[in-house]
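This report refers to the structure that appears directly beneath it.
Protein chains: 2
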Amino acid sequence: MAKPKLRIVPLGGLGEIGKNMTAFELGNDAIIIDTGIMFPANDMLGVDYIIPDFRYLLERKDLTIHGIIYTHGHEDHTGATAHVVDAFKGVPIYATPLTAGLLEVKLREAKLLDHTTINVFSAGDILEVGPFKLESFHVCHSIPDCVGFGINTPYGIVVHTGDYKFDNTPVDGKKPDYARLAEFSRRGVLLLMADSTNADQSGWTPSESVIDAAFDTVFRQAKGRIMVATFASLISRIQQVANAAQRYGRKLAIAGYSMGENIKMARKLGILDVPDDLFLDVNDLGRTPPSKVVIMVTGSQGEPSAVLGRLATGRHRTLDVEVGDTIIVSAHPIPGNEETVFRTINRLFQRGANVIYDPIAPVHVSGHAKREEMRLMMNLVRPQYFLPVHGELRHLRAHAALAVESGIPQDQVFVAENGMVLEADKYGVRMGERVPGGYVFVDGSGVGDIGRTVIRDREILAKDGFMIISLDVDKKTGKMSGEPEIISRGFVYLRDADELMDNVKNTIADVLASTTSSKNGKRRDRIQESISRMLYNETKRRPMVFSIINER
Amino acid sequence: MAKPKLRIVPLGGLGEIGKNMTAFELGNDAIIIDTGIMFPANDMLGVDYIIPDFRYLLERKDLTIHGIIYTHGHEDHTGATAHVVDAFKGVPIYATPLTAGLLEVKLREAKLLDHTTINVFSAGDILEVGPFKLESFHVCHSIPDCVGFGINTPYGIVVHTGDYKFDNTPVDGKKPDYARLAEFSRRGVLLLMADSTNADQSGWTPSESVIDAAFDTVFRQAKGRIMVATFASLISRIQQVANAAQRYGRKLAIAGYSMGENIKMARKLGILDVPDDLFLDVNDLGRTPPSKVVIMVTGSQGEPSAVLGRLATGRHRTLDVEVGDTIIVSAHPIPGNEETVFRTINRLFQRGANVIYDPIAPVHVSGHAKREEMRLMMNLVRPQYFLPVHGELRHLRAHAALAVESGIPQDQVFVAENGMVLEADKYGVRMGERVPGGYVFVDGSGVGDIGRTVIRDREILAKDGFMIISLDVDKKTGKMSGEPEIISRGFVYLRDADELMDNVKNTIADVLASTTSSKNGKRRDRIQESISRMLYNETKRRPMVFSIINER
C-alpha cells in the first residue's frame, strides 16, 4: 500500500501576524501545532479577538487528532486553546513547563481542564504523537521555554521554527540549539517553516542583553522612582529589571495582576531568579524613599485599563505619577497600537514623568529574527523546500525572496495564505487544495456571528450615529397627532439642536401632507428618505434614520 | 511710554503633530503664522478634521490682525485657511508662489477669495506686516517653496524655522539658507522656535537625492509597469520619478486628480521641469507596452478612495493591478495610518504586484530634521531662548533636552502646549497666561458641535450597536397588545437571532406583568434595564437599548 501523503494545513499565521495554527496530516492521522488568536485591527469595530477558522478540521470526520502541541506561551500561539479544546474534547496537549502553566490557567477559567490532559515536556525532548515523531529544540524569543520542532515524516524532516531569534547572549543563559538544527540538516530537511515577522528588517536583532546597559544608564541617573512597563509574559525583562534593582539598591514592587501571577509561576518553575527580600508590596511604597524603588507595571501597549494607561489618565486605585518619576516603556507598539502607546507616553510626560522609550534609549529589542538571522536559519537547516510563516503577506514575500537569494530554487519556495494546503509525497512538495481559512470574530460570547453586515452598520453608527422618530398618525385624517418622539445618539448634541428638531417635525408634516398612499411601508420609507436628506443638507452627516408610525 | 510686550500665542502645533498656528502680538497689533489642520486619531469617531481653537483671537476685540503669513503649503499649515479667513475677513495673506497657488484653490472652493488678498513673496524677501518686519529664508522640506522667518521685534530676532531639514543635495538645487541663519545669530537671536517632529530620531535625515539610487535599482530591474505612489504635493519626488522615467525610456502617466492639478500648477510656476512629450494620458496606457510606462498615483497613506486604495481593492475605474507590476510606495505612513497602509500593501501583493517600500528599499526619506540637524540649527542660530514647536509632547521634551545638552540654560528652554503664551520684554522671555488652545472637531458642516458626549455614544454604538423596541400596551390591562417592533443595528445579525428576539418578547411580558406602577417613565426604564441585562447575559455585549411604549 502506498504511504499516505503528508498534508500541511495552515489555519492561521500566513498572510497575517498572530493567530498561529497549523495541522499536519498523514492519511487519517493529524496533529495541531499552536492555537493562537489575533487582535482586531482598529476598524474591526467591537471585535474582541479573532480565532482561526478550524471548520475544515471539524468537517474531516475521518480524521483522528492525536495532540495539540505548543511552541510557546504567547497569546498569538495559545489564545484560542479554549475554543479548540472545546471543539476537540479529549485530545491531549503537549507543552513546555511555562507554556503548560499558562494553558492551565486559561483552561481552568473556561472550565475545560477536564476535557484534555496537559503533557509537559522540556526543550530537547522527543514527542511521539500519533504517527509523528517531533524532536523539540530550544529557541530564543521574548518569553521563556520556547521551542521549535523537527517533525519526522516519511518524506523527510519538516522544521517548524516557532517564533525565534538567534540570541547569543540570552538573559537566561539558554542559547539557541544550533547543534540540533545542524543535525537536522545532516539528516535531510524536506521543508523549513520559519518565522517571517521581521523579514523586511535588515541586519540582526540585538540580544536581550543590550538592554542591561540602557537600564544601567537610566538607573544611574534617576533620582526619583523608576517604573518599568513591559509585557506581563516577558519574564527575562523582569529578570533584567530585578537585576538592575539589586545593582542600584532599589526594591521591586509589582503592579498589575497578570504580571504578578506570571512572576509567581516563573519563580515556582525556577525560570525567574529573584530573592524574596527584593520584593516590596505596592501598598508599602509610601513608606519607602522614591530613590529606593522600582515598580514594574503592565500596560506597555497603552491599554486604557492596564496600570500604565490608568497612571496616564490618573485613574489608578493606589498609584499616581509624581514629578520626578522616570518611566521606562520597555516594549515596542504592536502594529496598530502606535497612536495609543504614544498618547499614553505624552500623557505621562504631561503628569511630570520623564519617559524613556525606544528610540530615546534602547530599552526594548524585538523577539523575532531579522534578515541576517533568517539567512543563518536557512543555511543551518538547508531545506529542500521553504514556506515562510507567521507574517503579513508583505513579510512572507520578503522572506520568500530572501530564500531564493539564499539559493533555494524559486519553484521550491511557497508563499501561501491561510487555508492553502501544502502536500508532500515521494515526488516532493506542492501546493494542494484550498480549505476555509479566514477570520472568525469573537465578540462577547458570540463566535463567528459577527460578519460584514454588522461591522458595516457599526461603521456607519461610529461615524454619524442614528435617529429614530416615533410618531402617532390619525387613521382618518392621515395627519400627525401630538409631538413625535425623537431618539438620537452619536449624531449631534441634541440639547443644542432645537432648530434641527423643528426641521424634523416640519419634514414629517410635509411628507404626511403630500403622501396620498396610506400604505404604511411606503409612507415610512418616504419619511426616512426625506429626513435623511434634510439632515444631510443641514449637517453634511448621514446618520441612520428610522421611523415608527403608530396609527390610531 | 514703555514699549509693548511681545506675546507669542501658540494655537496649534505644540503637544501635537499637525494643526500649526501661532499668533505674534505687540500691544494691539498682531500677525498669524500658519493656519493648519490636524487629522483625527482613529478613536475620534466620525471627525473629519481638527482645526485650531482660535476663540482667543476672536475675543481680543482690541487686537488688529495685520496679516496671515504662511511657511509652506502642507495641510497641517494651511488646511484651516477657510475657517480663519471667514472669521477674520479682510486680513491679507502672505505666501510664496506655490503656497499661494494652493491657498487660492482652497479659498475659491470656500467662496472666500473676495475676503482676502493674497500677497506673493519669494524666499529671501522681507515682509513688513503691521509693526513686524519678517525676513524670510529658504528651508528644505518635502514640498517646494518652503520658508522660515526671522521676525524682528523690539527685543531681538525671533527665528521660526517652519518645517525643515538640512538637505545639502536637494532635488531642486535650492540649498538651505545657512548664510541668513548665521547672519541672524550675528545680530542676536532672542528666541528660536524649531520643528521637533523627529526629535527622538538620532542622526541626520538623508537627502532627497538618495532616492534616485533606489529608483535606479527598481527601474533597472522592473520588467512590467512601474507605479509610484506618493503625496500629491511632493513635487520633488514627482521630478525624481520623471527623471528616472527619462533615463529608462518610460513615459509618465498621472492618476489622481489632486496630483494632476499640483503638477499643472508646479509646471506653470517653473518648479517642476518635465518636457511635454514625457507625459502619457492614462487612457493611452493600453496602447503602450508595460515596460515603457510609469504611472504616478495618489493614495500613499492607504486612503480607500484614492488611486492606490482603489487599485488594492480592484475598484478603480480604468486601472487594474496586473501580475508583473512593480509598485513603489514612496512615502512613510503618517502615525496612526500604519495598519491601513500595510493592509493596502498586502492587498497589492495579493493582486500579483511586487511592492517596494521602505525598509525594503530607501524609496522615501523624511522631510523633517533629525537630532544632528537640530543641533546644527541651534548652533547656527545661537538663540538666547528656545521653544520647540511642531511635535507631540514627547518630541518637544526630547528637543528641549537636546537644547539643554547644546548649552542653552535649562531655564531658557520652554516646553509649552497649545494656548500657553510666551511673553518677552526687555527683561527676557517667560511663560505667561494660558488661553484656550484645544481641539475643535469638524464633522460635516458642524464646527465644534461634536464633543465628548457624542463621541462617547459613537464609541458604544461602534462596539455593540443599539436596539429599539416599540410596543403597544393596552391602557386598561397594562399588557402588550400585538407584537413589539424591534429595530437593531450593529448588535447581532438579526436574521440568525430568532431565539434572542423571543427572549426580548418574554422579557417585556415579564416586566409588564410585574410592574404595578403605570407611570410610563418607570415602566420604560424597567423594560430597558431588563432587556439590557438579558442581552448581556446571552451575548456578553452591551448595545444601547431604548423602548417606546404606545398606550392605546
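Residue numbers (the numbering used here), protein chains in the order written: chain Y, 423 to 974; chain C, 423 to 974.
Heads up, the beta-carbon is just placed ideally off N, CA and C, and yes, glycines get one too.
Taking 8 angstroms as the cut-off, decide whether the C-beta atoms of residue i and residue j are in contact.
{"i": "residue 835 of chain C", "j": "residue 857 of chain C", "result": "no"}
{"i": "residue 982 of chain C", "j": "residue 803 of chain C", "result": "Coverage of chain C is limited to positions 423 through 974, which leaves residue 982 of chain C absent and any answer about it impossible."}
{"i": "residue 438 of chain Y", "j": "residue 460 of chain Y", "result": "yes"}
{"i": "residue 494 of chain C", "j": "residue 584 of chain C", "result": "yes"}
{"i": "residue 880 of chain C", "j": "residue 570 of chain C", "result": "no"}
{"i": "residue 436 of chain C", "j": "residue 621 of chain C", "result": "no"}
{"i": "residue 587 of chain C", "j": "residue 791 of chain C", "result": "yes"}
{"i": "residue 580 of chain Y", "j": "residue 534 of chain Y", "result": "no"}
{"i": "residue 715 of chain Y", "j": "residue 740 of chain Y", "result": "no"}
{"i": "residue 812 of chain C", "j": "residue 518 of chain C", "result": "no"}
{"i": "residue 734 of chain C", "j": "residue 707 of chain C", "result": "no"}
{"i": "residue 933 of chain Y", "j": "residue 909 of chain Y", "result": "no"}
{"i": "residue 722 of chain C", "j": "residue 752 of chain C", "result": "yes"}
{"i": "residue 681 of chain Y", "j": "residue 747 of chain Y", "result": "no"}
Opposite residue i in the DSSP bridges: which residues?
{"i": "residue 559 of chain C", "result": "C:570"}
{"i": "residue 582 of chain C", "result": "C:571 and C:615"}
{"i": "residue 641 of chain Y", "result": "Looking at the DSSP assignment, residue 641 of chain Y forms no beta bridge with any residue, so it has no partner."}
{"i": "residue 868 of chain C", "result": "C:865"}
In whole angstroms, what separates the C-alpha of residue i from that of residue j?
{"i": "residue 755 of chain Y", "j": "residue 464 of chain Y", "result": "14 angstroms"}
{"i": "residue 767 of chain Y", "j": "residue 947 of chain Y", "result": "49 angstroms"}
{"i": "residue 795 of chain Y", "j": "residue 840 of chain C", "result": "46 angstroms"}
{"i": "residue 549 of chain Y", "j": "residue 884 of chain Y", "result": "50 angstroms"}
{"i": "residue 639 of chain Y", "j": "residue 785 of chain Y", "result": "10 angstroms"}
{"i": "residue 551 of chain Y", "j": "residue 736 of chain Y", "result": "51 angstroms"}
{"i": "residue 566 of chain C", "j": "residue 688 of chain C", "result": "9 angstroms"}
{"i": "residue 491 of chain C", "j": "residue 817 of chain C", "result": "25 angstroms"}
{"i": "residue 873 of chain Y", "j": "residue 963 of chain C", "result": "15 angstroms"}
{"i": "residue 603 of chain Y", "j": "residue 676 of chain C", "result": "51 angstroms"}
{"i": "residue 670 of chain C", "j": "residue 664 of chain C", "result": "10 angstroms"}
Hey, could you find the ends of the alpha helix (DSSP H) residue i is sitting in?
{"i": "residue 489 of chain C", "result": "From DSSP, residue 489 of chain C is part of no alpha helix (DSSP H) but of the beta strand (DSSP E) over 486 to 491."}
{"i": "residue 761 of chain C", "result": "760 to 772"}
{"i": "residue 684 of chain C", "result": "679 to 690"}
{"i": "residue 600 of chain C", "result": "600 to 609"}
{"i": "residue 716 of chain Y", "result": "Not the alpha helix (DSSP H): residue 716 of chain Y falls in the beta strand (DSSP E), residues 715 to 719."}
{"i": "residue 930 of chain Y", "result": "920 to 936"}
{"i": "residue 530 of chain C", "result": "519 to 531"}
Considering Cα atoms alone, identify which of the options is closest to residue i.
{"i": "residue 871 of chain C", "options": "Y:914, Y:890, Y:615 and Y:906", "result": "Y:914"}
{"i": "residue 686 of chain Y", "options": "Y:714, Y:752, Y:666 and Y:520", "result": "Y:520"}
{"i": "residue 499 of chain C", "options": "C:892, C:458 and C:912", "result": "C:458"}
{"i": "residue 853 of chain Y", "options": "Y:431, Y:426 and Y:425", "result": "Y:431"}
{"i": "residue 504 of chain C", "options": "C:441, C:528, C:878 and C:932", "result": "C:528"}
{"i": "residue 907 of chain Y", "options": "Y:760, Y:897, Y:930 and Y:900", "result": "Y:930"}
{"i": "residue 376 of chain Y", "options": "Y:449, Y:434 and Y:448", "result": "Here chain Y comprises residues numbered 423 to 974, so residue 376 of chain Y is not present and cannot be evaluated."}
{"i": "residue 667 of chain C", "options": "C:642, C:683 and C:597", "result": "C:642"}
{"i": "residue 599 of chain C", "options": "C:846, C:545, C:797 and C:736", "result": "C:545"}
{"i": "residue 700 of chain Y", "options": "Y:688, Y:691, Y:693 and Y:717", "result": "Y:717"}
{"i": "residue 683 of chain Y", "options": "Y:650, Y:654, Y:608 and Y:899", "result": "Y:654"}
{"i": "residue 861 of chain Y", "options": "Y:958, Y:502, Y:726 and Y:927", "result": "Y:502"}
{"i": "residue 513 of chain C", "options": "C:910, C:575, C:798 and C:489", "result": "C:489"}
{"i": "residue 462 of chain C", "options": "C:475, C:557, C:440 and C:449", "result": "C:440"}
{"i": "residue 712 of chain Y", "options": "Y:628, Y:722 and Y:647", "result": "Y:647"}
{"i": "residue 429 of chain C", "options": "C:893, C:903, C:847 and C:970", "result": "C:847"}
{"i": "residue 634 of chain Y", "options": "Y:746, Y:955, Y:743 and Y:750", "result": "Y:750"}
Looking at the secondary structure, which residues open and close the beta strand (DSSP E) in which residue i lies?
{"i": "residue 801 of chain Y", "result": "First-last for residue 801 of chain Y: 793 to 803, but that is the alpha helix (DSSP H), not the beta strand (DSSP E)."}
{"i": "residue 432 of chain C", "result": "428 to 434"}
{"i": "residue 966 of chain Y", "result": "966 to 973"}
{"i": "residue 624 of chain C", "result": "From DSSP, residue 624 of chain C is part of no beta strand (DSSP E); its letter is neither H nor E."}
{"i": "residue 542 of chain Y", "result": "540 to 542"}
{"i": "residue 777 of chain C", "result": "776 to 779"}
Should residue i be counted as a contact of the ligand HEM given a C-beta to heavy atom distance under 7 angstroms?
{"i": "residue 853 of chain Y", "result": "Because no ligand of any kind appears in the structure shown, any question about the ligand HEM cannot be addressed here."}
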